[in-house]
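Have a look at the structure below before the remarks.
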Amino acid sequence: MMTVYDFIVKTASGGKKSLQAYKGKPMIIVNTASKCGFTKQFKELQYLYEEYKDRGLVILGFPSDNFNNQEFDDIEETVEFCQVNYGVTFPMFAKVNVKGHGADPLFCYLIEQKKGILTEGIKWNFTKFLIDQNGQVVERFAPQTNPLKMKKSLEKLFNE
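The numbers in full-length UniProt numbering rise by one with no breaks, and the one at position 109 of the sequence shown is 109.
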């Protein structure tokens, strides 16, 4: 059975990282954009990360430029923007495509596991996928869902 641990992703610095490194930890995987109306969600994501990282939570941010070119061209600029403006300390990865031809295999897998309500693909920035400690996609949250509304689902994962 395939899990998110089967994927290798590109880091912001250009290296490769196996998601196997996060085995046994709950994760939130999110496609992000620095110039989006939902960009303020970085603040809430960082809050969740700080609140739950001691319990194992990992948040993985994947910048994407698929929706109205709302991401910087330079990944270093993206990472700096997130750190300076929102205090982001969770891992940010290389920019990826999350839809269409050439979509990143990880996001193809996430979409396959949890279809959206109105569309099966990703319709905008800040679509959030909750992954359990076994690497399974357990829930999908819409772009407009404030990350703090994920607390109940996170608590459920920690109590299983």
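Every residue gets a Cβ at the ideal spot worked out from N, C-alpha and C, and that includes glycine.
Can residue i and residue j be called in contact, C-beta distance under 7 Å?
i      : j      : result
Lys16  : Ile28  : no
Lys99  : Gly121 : yes
Val58  : Tyr22  : yes
Val138 : Leu130 : yes
Gly61  : Val84  : no
Asn68  : Asn97  : no
Ser34  : Phe90  : no
Report the rounded CA-to-CA distance for residue i versus residue j, giving the unit in angstroms.
i           : j      : result
Pro63       : Asn125 : 9 Å
Gln136      : Val4   : 7 Å
Pro26       : Asn134 : 8 Å
Pro143      : Lys128 : 7 Å
Phe81       : Phe141 : 24 Å
Gln70       : Pro105 : 21 Å
Gly24       : Leu48  : 18 Å
Gln46       : Asp54  : 13 Å
residue 223 : Leu157 : For residue 223 there is no data in the structure shown, the boundaries of the chain being 1 and 160.
Gln20       : Gly56  : 14 Å
Asp74       : Thr32  : 14 Å
Leu152      : Asn159 : Correcting the residue type first, residue 152 is Lys in the shown sequence and not Leu. Straight-line Cα distance between these residues: approximately 11 Å.
Tyr86       : Glu155 : 24 Å
Cys36       : Asp132 : 28 Å
Cys108      : Met150 : 22 Å
Compare the C-beta of residue i against all C-beta atoms of chain D and say whether one is closer than 7 Å.
i     : result
Gly24 : The structure shown contains no chain D, having only a single protein chain.
Using a 10 Å radius around the Cβ and a threshold of 16 neighbouring Cβ atoms, would you call residue i buried or exposed?
i    : result
Met1 : exposed
Less than 7 Å between C-beta atoms, sequence neighbours within five positions excluded: which residues of the same chain meet that for residue i?
i     : result
Thr11 : Lys17, Phe93, Ala94
Please work out which residues of its chain come closer than 8 Å, Cβ to Cβ, to residue i, disregarding the five sequence neighbours upstream and downstream, and give them in chain order.
i      : result
Asn146 : Gln41, Glu44
Closest to residue i by CA distance: which of the options is it?
i     : options                       : result
Glu77 : Glu155, Asp6, Glu160, Ser13   : Ser13
Val88 : Leu154, Thr39, Ala103, Cys108 : Thr39
If you drop the 5 nearest sequence neighbours on each side, which residues of the same chain put their C-beta closer than 6 Å to that of residue i?
i      : result
Lys114 : Val137, Arg140
Gly102 : none
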